Amino acid sequence: MSEHANNSADSTTIKTTPDDHLVAWLAALAITIHIIESVLPSPLPGVKPGLANVITIAVFILYGWRTAVWVSMLRVLVGSILIGTFLSPTFMLSFSGAIASLAVLWLASHLPGAGLGPIGLCLVAAMAHMFGQFYTAYLLFIPHDGLFKLLPLLMTAAVIFGIISGIIVRSMLHHLGKRHGQEK
Amino acid sequence: MRLRRLTLLLLTTLALTACSEPLPQVHKARLFTLGTLVDVSVLDRDEATAQKATNIVETELALINTQWHAWRDSPLTKINQQLAQRKKVAIDTSTYRFIKQAQTLATMSNQLFNPAIGSLVGLWGFHSDDTPVGPPPAEAAIEALVKEAPSMANITLTPTTISSSNPAVQLDFGAFGKGYAIDRAIEKLKLAGVENAIVNAGGDLRAIGSKGEHPWRIGIRHPTEAGVIASIETRGDESLFTSGNYERFFDFDGKRYHHIIDPRSGYPATGTLSVTVIHHSAATADAAATALFIAGTQQWQQIARQMGIDEVMLIDRDLTIYMTPQMAARIHIEIDDANIRIVGGQT
Amino acid sequence: MTRADYCVVLFAALLLPYLYITQWTGNESGITASIMSGSSTTQLSLAHDHTVEVAGTLGTSVIKIEGGKIRFVTAPCLGKQCIHSGWLQHAGEFAACLPNRISIAVLGETPRFDSINF
């Protein structure tokens with residue numbers, strides 16, 4: 001799997017700048033997670049741990065919103081091309097979810113004061129992702145009011161996994177911080 | 185980096201255009217016409233087309249309703265008045281076509297589908313927007329009308345005139361007009377470019393096309409209980425008509441009197457609870473459902489053959505379900521412990 | 532955790548019960564009914580009990596909604612077939628008073644059939 005990720009990384013870095021390397025590497029990691037999650041069995045359609053979210057949020061915190069957009073979009077596009085779901089309903093759902101969570105992250109980056117920490121960011125992003133997916137599913141594929149019965153369950157899953165990935169991001173940043181500290 | 189951004193932009197645009205066209209949906213409209221409730225279902229992308237289709241159906245059905253109304257003042261009641269006076273009546277081409285088709289179907293049904301017994305239907309009180317409350321008419325009055333034996337065989341029809349050798353003939357197209365009107369409405373819808381639709385008038389319907397990837401699924405009502413007894417998936421362009429003793433009736437002294445009058449006895453036909461018929465033409469299916477209801481368990485196969493009907497389901501008063509092999513091959517029974525008899529097959 | 536983080540967690544903690552309450556309780560299946568008189572249609576939720584008086588061509592029909600079901604209770608027609616139809620509760624079921632030109636139908640869930648033949 002890591003070989004796979006490296007291959008994707010190579011294919012996206014033709015003219016290389018350090019910035020490109022970084023985005024590609026992180027995107028490749030996110031794509032790998034995305035693909036692994038896509039083959040995991042799911043109790044309910046739409047319920048996935050969303051661990052690729054971890055990468056997006058970490059990138060957002062470390063390198064800002066614009067880089068997070070690139071990583072997130074690359075993950076959705078390349079990930080779906082690799083799985084073979086490009087432009088399919090599955091793709092439309094993760095695409096709209098990604099757009100929604102990026103929109104919320106943009107708002108979060110404009111918050112006054114200390115703003116949101118890793119857990120808050122992951123949580124709002126996960127919930128926005130779920131709302132985005134849900135409304136796309138409702139509008140495009142299943143325009144049926146019965147779908148709303150699933151919303152509480154889906155949102156519960158989003159909250160739980162949002163908090164879990166928030167904790168992961170927090171400890172990730174913690175470790176990174178230590179390493180950075182040592183290097184300096 | 186720039187190259188990649190351009191590709192991303194292109195892909196994103198592509199993705200967005202791929203989902204901009206909404207999926208076609210079933211639009212439903214319900215209206216009152218032909219003295220009943222009419223449901224129009226149209227599969228289309230936009231609501232405006234569906235609305236247009238509903239308007240087309242409403243116009244066509246209302247036209248047949250005013251033309252052929254059996255008890256309110258209408259061109260038909262005028263024809264009936266003059267036939268009773270043994271007069272020859274001038275008619276136009278559309279009137280000729282309508283009566284001609286009904287006459288042909290009556291002949292094929294051995295006159296069991298008999299649109300000439302308007303007086304009997306009126307005597308039973310079914311010439312009213314409301315359900316009659318009984319009591320049933322006097323035996324002598326019924327016998328007198330039956331003895332006069334009005335039938336479509338008494339009618340002489342030319343493209344411009346109609347006359348009757350029997351002054352007892354009173355035309356009532358209750359078991360034909362609805363089918364004819366649905367046929368007209370469907371033809372108009374096809375001309376307007378509608379490919380997938382159902383026109384359901386008071387429970388009888390013609391369905392064209394499909395519901396997108398799946399065929400239209402039609403539930404057939406259980407004759408004695410709430411709910412559905414069987415279902416059918418329609419193929420292409422088909423009419424599904426049911427005549428049942430539960431459609432219009434009154435109960436008097438514990439006995440049920442329904443609206444399907446046997447022209448041979450003058451009384452509501454007994455022994456059958458419902459007959460369901462599938463045929464391309466709604467008008468034929470309409471007349472056949474009535475004729476086979478009256479024919480009952482003994483005669484229905486013969487009459488169905490004569491009328492060119494292959495797919496029939498008849499439910500008798502013991503809830504035994506009789507079916508032709510062609511009907512059995514495609515119907516889904518939706519109840520448990522059904523008592524089914526597949527009969528015929530010598531066609 | 533920043534103060535904003537706590538706000539987000541609090542928001543999520545309030546949102547979830549709200550979603551469960553609005554989507555899962557009250558009306559068991561989110562079913563609505565339509566009442567049609569002539570060509571005008573009204574939609575009503577079956578979640579709350581009501582008595583509705585509707586003016587038709589003959590007079591007033593009274594329609595009752597109770598415990599997620601709907602029925603005609605009085606009608607100005609002679610045959611009273613609408614009242615005999617009894618309670619309706621499943622999507623796709625309907626009853627009509629043709630003389631008074633009033634019909635009621637249960638909507639809300641996708642009916643099993645596209646049309647009913649009777």
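Chains as they are written, first to last, in our numbering: chain Y, 1 to 184; chain X, 185 to 531; chain P, 532 to 649.
Yeah, the Cβ is synthetic: ideal placement off N, Cα and C, and Gly gets one too.
From a predicted model like this one, the values you see are computed outputs, not experimental measurements.
Could you check whether the Cβ of residue i sits closer than 8 Å to any Cβ belonging to chain P?
i, result
"F434 of chain X", "yes"
"V104 of chain Y", "no"
"V78 of chain Y", "no"
"R489 of chain X", "no"
"M127 of chain Y", "yes"
"D520 of chain X", "no"
"M130 of chain Y", "no"
"E431 of chain X", "yes"
"A114 of chain Y", "yes"
"V124 of chain Y", "yes"
Quick check on the DSSP output: the beta strand (DSSP E) that includes residue i runs from which residue to which?
i, result
"A586 of chain P", "581-586"
"Y441 of chain X", "439-442"
"S646 of chain P", "646-648"
"D435 of chain X", "433-436"
"S348 of chain X", "345-348"
"E597 of chain P", "591-597"
"V604 of chain P", "600-605"
Applying the criterion that 16 or more other CB atoms from any shown protein chain within 10 Å of the CB defines a buried residue, is residue i buried or exposed?
i, result
"H516 of chain X", "exposed"
"P118 of chain Y", "buried"
"K178 of chain Y", "exposed"
"E244 of chain X", "buried"
"S570 of chain P", "exposed"
"K184 of chain Y", "In this prediction, K184 of chain Y has a pLDDT of 35, which is less than 50 and means its spatial position is unreliable; what the coordinates show is noted afterwards. Classification for K184 of chain Y: exposed."
"E422 of chain X", "buried"
"K331 of chain X", "exposed"
"G599 of chain P", "buried"
"Y441 of chain X", "buried"
"L123 of chain Y", "buried"
Are the C-beta of residue i and some C-beta of chain Y separated by less than 8 Å?
i, result
"M567 of chain P", "no"
"W618 of chain P", "no"
"Q554 of chain P", "yes"
"V637 of chain P", "no"
"A543 of chain P", "yes"
"T573 of chain P", "no"
"L629 of chain P", "no"
"L547 of chain P", "yes"
"L550 of chain P", "yes"
"N558 of chain P", "For N558 of chain P, the predicted structure reports a pLDDT of 48, less than 50, and the residue's modelled location is therefore unreliable. A value from the coordinates is still provided. Chain Y contact via Cβ: absent."
What residue does the alpha helix (DSSP H) around residue i start on, and which one ends it?
i, result
"R514 of chain X", "Per DSSP, R514 of chain X belongs to no alpha helix (DSSP H) and is neither H nor E."
"E624 of chain P", "Taken as a continuous stretch (DSSP letters only), E624 of chain P belongs to no alpha helix (DSSP H), as it is neither H nor E."
"V305 of chain X", "302-307"
"G97 of chain Y", "89-109"
"L341 of chain X", "Careful: L341 of chain X lies outside any alpha helix (DSSP H), inside the beta strand (DSSP E) at 339-341."
"G175 of chain X", "Since the displayed chain X opens at 185 and closes at 531, residue 175 of chain X lies outside it and no answer follows."
"A232 of chain X", "231-252"
"R66 of chain Y", "65-83"
"T291 of chain X", "277-292"
"F134 of chain Y", "118-136"
"L550 of chain P", "534-555"
Would residue i pass as an interface residue toward chain X - the criterion being a Cβ-Cβ separation below 8 Å?
i, result
"Q612 of chain P", "yes"
"D645 of chain P", "yes"
"F603 of chain P", "no"
"S634 of chain P", "yes"
In terms of DSSP beta bridges, what is residue i paired with?
i, result
"S423 of chain X", "X:R390, X:H463"
"M567 of chain P", "P:T572, P:S634"
"C613 of chain P", "According to DSSP, C613 of chain P bridges with nothing at all."
"N523 of chain X", "X:T504"
"V224 of chain X", "X:A213, X:V383"
"R401 of chain X", "X:E417"
"I499 of chain X", "X:S458, X:I505"
Kindly confirm or deny that the region 413-433 of chain X and the region 503-522 of chain X touch, where touching means at least three C-beta pairs closer than 8 Å. yes
Evaluate the contact criterion for the region 96-112 of chain Y versus the region 128-135 of chain Y: three or more CB pairs, one atom per stretch, below 8 Å. A contact exists between the region 96-112 of chain Y and the region 128-135 of chain Y.
On the three-pair Cβ rule with 8 Å, is the region 338-353 of chain X touching the region 259-274 of chain X? With the cut-off at 8 Å, the region 338-353 of chain X and the region 259-274 of chain X touch.
Cβ contact (3+ pairs, closer than 8 Å) linking the region 286-294 of chain X and the region 370-377 of chain X: The region 286-294 of chain X, when compared against the region 370-377 of chain X, does not touch it at the 8 Å Cβ threshold.
Looking at C-beta atoms only, is the number of pairs between the region 331-340 of chain X and the region 631-645 of chain P that lie closer than 8 Å three or more? no
Mind the definition here: the region 431-445 of chain X touches the region 397-411 of chain X only if three or more C-beta pairs lie below 8 Å; say whether that holds. no
Given 8 Å as the limit, is there contact between the region 24-32 of chain Y and the region 71-82 of chain Y, that is, 3 or more CB pairs closer than that? Contact holds: three or more Cβ-Cβ distances are below 8 Å.
Would you call the region 543-553 of chain P and the region 449-465 of chain X in contact, with 3 or more CB pairs under 8 Å? no
Three or more C-beta pairs under 8 Å: does that hold for the region 316-331 of chain X against the region 612-626 of chain P? no
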